[in-house]
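Colleague: If you're matching positions, the sequence shown starts at 0 in numbering that gives the first Met the number 0 and goes up one per residue.
Heads up, the beta-carbon is just placed ideally off N, CA and C, and yes, glycines get one too.
Because the structure is a prediction, the values reported are computed rather than measured.
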Amino acid sequence: METLWQDLRYGFRMLARNPGFTVVAVLTLALGIGANTAIFSVVNAVLLQPLPFRDPDRLIIVNETARRGTVQLRPVSYPDFLDWSEQSQTFEELAAFSPNNYTLTGDGEAERVVGELVSASYFPLLGIQAAYGRTFLSEEVRLPEGELVAVISHALWQRRFNSDPQVVGGSILLDGRSYTIVGTTPQGFDGIQGGAELWTPITVLPPSFTHFLRLRGARWHAVVGQLKKGVSLDEAQAEMDTIASRLEEQYSNTNADRGVQLVTLAESLVGDLQRPLLVLFSAIGFVLLIVCANMANLLLARATSRQKELAIRAALGAGRLRLIRQLLTESVLLSVAGGVLGILLALWGVDLLLGLVEGIPAFVEVSIDLWVLGFALLLSFVTGLVFGLAPASQLSKGDMHEALKEGGRNPGAGSGRRRFRSLLVVAELALALVLLIGAGLMLRSFEHLLSVDPGFDPRHALTARVDLPDQNYSIAATITFARQLLERIEAVPGVRIASASSDLPLSIFWSANFMEIEGRPEGRENRPRVYRHYGTGKFFRALGVPLVQGRTFTARDTFDTLPVIVVSESAARRFWPGEDPIGKRLRIRRPDIDSPWRTVVGVVRDVRYRALARGPDNDPDIYLPLGQSREPNPSLYITVRTSGDPAALAPSLRSIVRDLDLDLALYGVSTLSQQVSDSTVQDRITAFLLSAFALAALGLAAIGIYGVISYSVSQRMHEIGIRMALGAQPRDIFKLVVGQGMVLTLIGVGVGLVGAFALTRFLESLLFGVSATDPATFAGVSVLLAAVALLACYIPARRATKVDPLVALCYE
């Protein structure tokens, strides 16, 4: 212990004696360790920490699958959920839930509240107990219709009810209906998927929608289950496969080709984040390795000034292990100092990451906790050992007798040490190339994504949403409200066109149905699945969707006129290949609605509704006039095309909605351009961060090769002087020095290309429109790295050409 204390004190003195070196080293290490700590804090919170629910390892999301060419995950119908609950023996309990928006009225302005429709088992299954009152009773969540009761969140209780514990037993007005508040949730709970502030029984729906609870084909619920103790996921999967086969046989009309897939709740919630986070964590780990290589080179460069000191200590009896321990103590001191500063940087970096990374569940708390602090300190210690061990070993085995001679040759110029420094530079260049290629692929992928034609014109368009309570707005009342609303909006100065629709491109809600095409034989193979959208007459003009053939909707397309439909180009090609689709007829297959045959009157361009990265797929789009709707539309999406700044119209839209109905809340106000941008935010952030890490690696690699070549020039002054004295020209010296650097570069590029071919395949699922082994990216990045390395070699090479042979011949 005493010798360790002596090493520490001596190490502190040595670092204090070289403040310039110490400051540069600590700052470099702080950036590397701090960035790793910040990203690890996100990885730890999202991927490593258990979910804040009871027995999270036993919580399973039960998905229904549809086998139509490829297996796709689908929501679950309420009858299927009830059968699963009754027949399953591997689950303690199953609970159904689905997102729902509410318009909260009463005291103050109407407010849109995000909530969930849940079964009675939802809260007990998750282990959530009410902070005040209780959660739902089984008799309150029953068919044919549940009780009008509600559980509110801690956040809503504070914001709307001023944290009044007497709120339990009181009433709350939701969508025009009075609900009894039976309880409040504990602080921090906002549902499985996050963002919920209100829960009502799953059996309480607007009157015109209650029949959906009895339709086995109406699929819109998610299901979570808790496995019984000792039951594995595979055992539960096998049982659910058996139940699904039984239901498929029993209800062949609705459950044909329907299966079940089980995934853990953790995987379901954060699965999409796992690969991007691990890619970023690996990338910043590569940067830290390059920092370690640079630090090792920096310590070796100090060998010249420390060699005589170490020789004297060896002569006084210090063994090689003692010298290595002293040198490692100094490197660990540097690294720990960098780690402490890095933790402070990580506190800022975590906030920055949280502002950038999308999709983190609301209940995940990212912070610098004890686990993260432990990781940072361990990383600091290991980093110090990594970059300190090799230099310490090299320094301690030098020729100590030669170092003690007054005019002895510099032991730091040994060929072994030069080879080791060159090896470090090759490693830096290889790691930098892997990062640069990864960043290049992400940038090219993002460029392809931005160049995708969405099928509509997002410029100068404002969008918003308003929910219409079912008891106040029948189908006819909804159509009337939409007409009055659009008339008033179009009267606002600066508005060119306004439309209303059941959804919008890149929104999170779409309705899918099976179609029947006139003239085709009966059978499931002749019932294509399509995405259905309702819109008013100017819907396509407001969105900027070009008409390809025929016409779009008009004000004359009402409930009393010929039922019409507009189809996308993909639908026309698929349903009537080589034929003129105008005049063809099809109808929606809906067991709950008497759907008429509709005549195709127009074909419009394909729109990328679901995502920019998803083109027209096997389920194309069809469009119906809102004036001919035979089903209620609980929400209207408003699109306003303007001649100026669309965002400036938001106050006018809110005022118009309030004038029409004080109990309606306009929300989701955003420009269409912003929605397009938001749909690519995760790709943009991943590309940005990976590019930032790659540029940092490139800069560090350039510094590394500059340091090695510069040090080599200083060590070869005598040789250079002899060469010039014997007639070598400056260009020959220049080629000699640059050649040495470029040989290292080419070796590094070669090793890096092999590594990149192996590692970039992990990026494949994140890429769009570009291969993980894209030749152009690999070649371009290799040339870029070689060019930067050439520039790094240029300065020491130029300095070598300025050497005075007379001075160099005297140089030692």
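#1: Does the distance from the CB of Thr553 to the CB of Phe539 come in under 7 Å?
#2: With a Cβ-Cβ cutoff of 7 Å, do Val41 and Val278 count as a contact?
#3: Which of the three DSSP states, helix, strand or coil, is assigned to Val112?
#4: Given that a residue counts as buried once 16 or more other Cβ atoms are within 10 Å of its Cβ, and exposed if not, what is Gly411?
#5: Mind pulling the beta strand (DSSP E) runs of 3 or more residues that sit fully within the stretch 55-135?
#6: Would you decide whether Val23 is buried or exposed? Buried here means 16 or more other CB atoms lie within 10 Å of its CB.
#7: Just to check my reading of the structure: Leu652 and Gln483 have Cβ atoms closer than 8 Å, yes? What is that Cβ distance to the nearest angstrom?
#8: Which one of Ala129, Ala429, Ser501, Thr462 has the shortest CA to CA distance from Pro185?
#9: Have a look at the DSSP bridge pairing and note the partners of Trp198.
#10: Give me, in chain order, the residues of the same chain whose beta-carbon lies closer than 8 Å to that of Thr776; leave out the 5 immediate sequence neighbours on both sides.
#11: Output the residue ranges of the beta strand (DSSP E) runs that lie fully inside the stretch 570-594 and measure 3 residues or longer, sorted by chain position.
#12: Using beta-carbon positions only, say whether Ala499 and Val668 come within less than 7 Å of one another.
#13: With 16 as the cutoff for other CB atoms within 10 Å, does Trp347 come out buried or exposed?
#14: Excluding the 5 residues preceding and the 5 following Pro205 in the sequence, name in chain order all residues of the same chain whose CB lies nearer than 6 Å to its CB.
#15: Within the continuous beta strand (DSSP E) that includes Val529, where are the two ends?
#16: Taking C-beta to C-beta, are Phe767 and His447 nearer than 7 Å?
#17: Pop quiz: Leu150 and Ala119 are said to be a contact at Cβ under 8 Å. What is the actual Cβ separation, rounded to whole angstroms?
#18: Check this for me: beta carbons of Val656 and Leu665, under 7 Å apart or not?
#19: So, are the CB atoms of Gly190 and Ile180 less than 7 Å apart?
#20: Distance check for Ile488 and Ser642, CA to CA, integer angstroms please.
#21: If we ignore side chains and look at the alpha-carbon of each, how far apart do Asp174 and Asn35 end up?
#22: When the distance is taken between beta carbons, is Ala195 closer than 7 Å to Val113?
#23: Figure out for me which residue from Ser76, Ile201, Trp156, Gln48 has the closest Cα to the Cα of Asn99.
#24: Could you pull the start and end residues of the beta strand (DSSP E) that Asp875 belongs to?
#25: Exposed or buried, Phe445, counting other C-beta atoms within 10 Å across all chains shown (16 or more means buried)?
#26: How long is the line joining the alpha carbons of Ala724 and Glu718, rounded to whole angstroms?
#27: Which of helix, strand or coil does DSSP assign to Val41?
#28: Just to confirm, is the Cβ distance from Leu461 to Thr670 under 7 Å?
#29: Could you tell me which of Asp618, Leu611, Ser569 sits nearest to Asp605, measuring between CA atoms?
#30: Of all the options Ala786, Leu758, Arg797, which has the alpha carbon lying nearest to the alpha carbon of Arg274?
#31: What is the C-beta distance between Leu246 and Ala481, in whole angstroms, given that I count them as a contact (C-beta under 8 Å)?
#32: Where DSSP assigns a beta bridge to Val603, which residues make up the other side?
#33: I believe Cys792 touches Ile702 by the beta-carbon criterion, under 8 Å. Please report the beta-carbon distance rounded to the nearest angstrom.
#34: Taking Arg699 as the reference, which of Phe160, Leu142, Ile283 has the closest Cα?
#35: Is Pro453 buried or exposed, if buried means 16 or more other CB atoms sit within 10 Å of its CB?
#36: Would you say Asn43 and Trp370 are within 7 Å of each other, going by their C-beta atoms?
Modeller: The short version:
#1: Indexing the sequence shown from 1 puts residue 553 at position 554. Indexing the sequence shown from 1 puts residue 539 at position 540. Not a contact, by the Cβ cut-off of 7 Å.
#2: Position 42 of the sequence shown, counting from 1, holds the residue named residue 41. Position 279 of the sequence shown, counting from 1, holds the residue named residue 278. Contact flag unset, no.
#3: Along the sequence shown, read from residue 1 onward, the residue named residue 112 stands at position 113. In the structure shown, Val112 sits in a strand (DSSP, three-state: E or B).
#4: For the purposes of this step, residue 411 is taken as the residue at position 412 of the sequence shown. Residue placement at Gly411 is flagged as unreliable, the pLDDT there being 46, under the threshold of 50; the coordinate-derived value follows with that caveat. Classification of Gly411: buried, given that the 10 Å Cβ count is 16 or more.
#5: 58-67, 69-73, 90-104, 110-117
#6: What you label residue 23 is simply residue 24 of the sequence shown in a count that begins at 1. Answer is exposed; the Cβ neighbour count stays below 16.
#7: For the purposes of this step, residue 652 is taken as residue 653 along the sequence shown, with counting starting at 1. For the purposes of this step, residue 483 is taken as residue 484 along the sequence shown, with counting starting at 1. Not really, about 14 Å apart at Cβ, beyond 8 Å.
#8: What you label residue 185 is simply residue 186 of the sequence shown in a count that begins at 1. It is Ala129 whose Cα lies nearest to the Cα of Pro185.
#9: Position 199 of the sequence shown, counted from the first residue, corresponds to residue 198. In DSSP, Trp198 forms a bridge with Glu115, Val150.
#10: Counting from 1 along the sequence shown, the entry for residue 776 is found at position 777. The residues are Ile436, Gly439, Leu440, Arg443, Val769.
#11: 584-588
#12: As a working mapping, residue 499 is identified with position 500 in the sequence shown. As a working mapping, residue 668 is identified with position 669 in the sequence shown. No, these two residues do not count as a Cβ contact at 7 Å.
#13: For the purposes of this step, residue 347 is identified with residue 348 of the sequence shown, where counting begins at 1. So Trp347 ends up on the exposed side.
#14: The residue labelled residue 205 in the question sits at position 206 within the sequence shown. Once the five neighbours on either side are set aside, the close Cβ partners of Pro205 are Asp469.
#15: In the sequence shown, residue 529 corresponds to position 530, counting from 1. Here the beta strand (DSSP E) through Val529 covers 528-534.
#16: Locating residue 767 in the sequence shown gives position 768, where the first residue counts as 1. Locating residue 447 in the sequence shown gives position 448, where the first residue counts as 1. Result yes, Cβ atoms of Phe767 and His447 sit closer than 7 Å.
#17: Counted from its first residue, the sequence shown places residue 150 at position 151. Counted from its first residue, the sequence shown places residue 119 at position 120. Checking the displayed sequence, the identity of residue 150 turns out to be Val instead of Leu. Rounded, the Cβ-Cβ distance is 11 Å, inconsistent with contact.
#18: Within the sequence shown, the letter at position 657 stands for residue 656. Within the sequence shown, the letter at position 666 stands for residue 665. For Val656 and Leu665, yes; Cβs fall inside 7 Å.
#19: Along the sequence shown, read from residue 1 onward, the residue named residue 190 stands at position 191. Along the sequence shown, read from residue 1 onward, the residue named residue 180 stands at position 181. Result no, Cβ atoms of Gly190 and Ile180 do not sit closer than 7 Å.
#20: For the purposes of this step, residue 642 is taken as residue 643 along the sequence shown, with counting starting at 1. For the purposes of this step, residue 488 is taken as residue 489 along the sequence shown, with counting starting at 1. One C-alpha to the other measures close to 13 Å.
#21: As a working note, residue 174 is residue 175 in the sequence shown. As a working note, residue 35 is residue 36 in the sequence shown. Whole-angstrom Cα-Cα distance: 48 Å.
#22: Start at 1 with the first residue of the sequence shown, and residue 113 comes out as number 114. Start at 1 with the first residue of the sequence shown, and residue 195 comes out as number 196. Yes, the pair counts as a contact, with Cβ atoms nearer than the cut-off.
#23: Your numbering for residue 99 matches position 100 in the sequence shown. Checking every option, the nearest Cα to that of Asn99 belongs to Ile201.
#24: The structure shown does not extend to residue 875, since the chain is modelled only from 0 to 811, so the question has no answer here.
#25: Here residue 445 corresponds to residue number 446 of the sequence shown, with the count starting at 1. Phe445 is buried by the Cβ-count criterion.
#26: Walking along the sequence shown from the start, residue 724 turns up at place 725. Walking along the sequence shown from the start, residue 718 turns up at place 719. When rounded, the distance between both Cα atoms is 10 Å.
#27: Along the sequence shown, one-based indexing puts residue 41 at 42. Helix, per DSSP.
#28: In the sequence shown, counting from the first residue as 1, residue 461 sits at position 462. In the sequence shown, counting from the first residue as 1, residue 670 sits at position 671. Yes.
#29: As a first step, residue 605 is located in the sequence shown; it is residue number 606 there, counting from the start. With distances taken between Cα atoms, Asp605 lies closest to Ser569.
#30: For the purposes of this step, residue 274 is taken as the residue at position 275 of the sequence shown. With distances taken between Cα atoms, Arg274 lies closest to Leu758.
#31: Position 247 of the sequence shown holds residue 246. Position 482 of the sequence shown holds residue 481. Not confirmed; about 39 Å, so no contact.
#32: By one-based count along the sequence shown, residue 603 stands at place 604. Beta-bridge pairing links Val603 to Leu546, Ser567.
#33: Here residue 792 is taken as the residue at index 793 of the sequence shown, counted from 1. Here residue 702 is taken as the residue at index 703 of the sequence shown, counted from 1. Incorrect: roughly 12 Å between the Cβ atoms, too far for contact.
#34: Translated into the one-based positions of the sequence shown, residue 699 becomes position 700. Per the sequence shown, residue 699 should be read as Leu rather than Arg. Per the Cα distances, Ile283.
#35: Counted from its first residue, the sequence shown places residue 453 at position 454. Buried.
#36: The residue labelled residue 43 in the question sits at position 44 within the sequence shown. The residue labelled residue 370 in the question sits at position 371 within the sequence shown. Yes, the Cβ-Cβ distance between Asn43 and Trp370 is below 7 Å.
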